[in-house]
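Report on one structure; see the data block that follows.
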Amino acid sequence: MRTIIFATGNEGKMKEIREILDGSGWQVLSQREAGIDCEVEENGTSFEENALLKAEGIRNWCLENGIPNFPELNLRELAVLADDSGLEVDALGGEPGIYSARYLGHDTSYREKNAHIMERLDGLPKQSRTARFVCVIAAAFFDGHSHLARGAVEGYIGWEERGENGFGYDPIFYLFENDRSTAELSPEEKNAVSHRGKALRRMRELLEEEYNK
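Quick note on this note's numbering: the sequence shown kicks off at 14 and runs consecutively.
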C-alpha cells in the first residue's frame, strides 16, 4: 500500500494533513505511529533546507532500521514527508520565520509568543502589520531523490487573539479579505486557503506524477 510517513509529532498538524490528503489513496502515518525514534536537527537557513533535512534524515534512519511498527511496508511505495513552516512578519524583518516553533524558547506557550509579537507591533496601522504563513514540504524517496513544494498565504497581524479552531499563531493571523483570524475559520475554510493546504495539494500532484510514471 502506498504510504506516507510524515515527520512530525504535532497532532494539530497531522489532523490538517489527513484532512487535505483524504481520498488520495495513501495511508498517512505520523513518525510516532510508524515507531520511528529519530530526531533531526533543523540547522538549515531556510524553510526548504530544514524540510529536506528532516525528510532525508528520517528516510536514512528507515533505510538502516526499517519501519518498526510496519515492517511489511514496501519501501518502493513509501515516501517520507516533512514540512518546515512559520510566520513571517514584515515589520519585524521576517521574524520569527524559520524559528517560529522555538521563538522565545521551546517551552514558551503560543499565547506568550502571540502576545509578544502584538506588543512589538503596538501602534502600527493595519497596512504596516503585513505578514504571511509559509510552508515548505519535502518528500524523500528511498531511491535517493526528493521533491519540494511551497505554499504561502498573505495576511496581517491583528490586535487580539480570536478563534478556537487553529493552533500556534493562527489566533493572531488575519486574512485581508474577511478580517477573520485563521483560528476563526472552519477546517474546510482553512484548508482551502492555508499555506499548508497549498503546499500539500502541490505535493499531492507531485506524488501522483511520481507513481504514475
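Even glycine gets a Cβ: it sits at the ideal position worked out from N, Cα and C.
The structure displayed is predicted, hence computed values, not measured ones.
Cross-strand partners of residue i (DSSP beta bridge)
{"i": "A153", "result": "V93 and S159"}
{"i": "Q44", "result": "In DSSP, Q44 forms no bridge with anything."}
{"i": "P109", "result": "E101"}
{"i": "S194", "result": "Y187"}
{"i": "E167", "result": "R145"}
{"i": "F19", "result": "S43 and L94"}
Reference residue i; option with closest CA among the options
{"i": "D120", "options": "V41, R31, P200 and G181", "result": "G181"}
{"i": "K203", "options": "L188, R45 and R215", "result": "L188"}
{"i": "G176", "options": "G168, R214 and S194", "result": "S194"}
{"i": "G164", "options": "K211, I170, G171 and W74", "result": "K211"}
{"i": "E101", "options": "Y169, T58 and R89", "result": "Y169"}
{"i": "N23", "options": "Q40, G179 and E173", "result": "G179"}
{"i": "V206", "options": "V166, R15 and L66", "result": "V166"}
{"i": "R45", "options": "F60, E55 and M27", "result": "M27"}
{"i": "E61", "options": "L105, G110, I30 and E173", "result": "G110"}
{"i": "E174", "options": "L198, E221 and R124", "result": "R124"}
{"i": "D103", "options": "G25, N63, P138 and C75", "result": "P138"}
{"i": "G25", "options": "L105, P200, E223 and N225", "result": "P200"}
{"i": "E132", "options": "G157, F146 and L105", "result": "L105"}
Cβ-Cβ distance between residue i and residue j below 8 Å
{"i": "I33", "j": "R214", "result": "yes"}
{"i": "P84", "j": "I49", "result": "no"}
{"i": "S159", "j": "A68", "result": "yes"}
{"i": "C51", "j": "G79", "result": "no"}
{"i": "S98", "j": "R217", "result": "no"}
{"i": "R15", "j": "G36", "result": "no"}
{"i": "F155", "j": "L88", "result": "yes"}
Cβ separation of residue i and residue j, assumed to be a contact under 8 Å, to the nearest whole Å
{"i": "D183", "j": "A196", "result": "4 Å"}
{"i": "L65", "j": "E55", "result": "That belief does not hold up - the Cβ atoms of L65 and E55 are roughly 10 Å apart, past 8 Å."}
Three-pair Cβ contact test at 8 Å for the region 139-154 versus the region 114-125: no
Cβ contact (3+ pairs, closer than 8 Å) linking the region 147-154 and the region 119-130: no
Cβ contact (3+ pairs, closer than 8 Å) linking the region 76-93 and the region 14-27: yes
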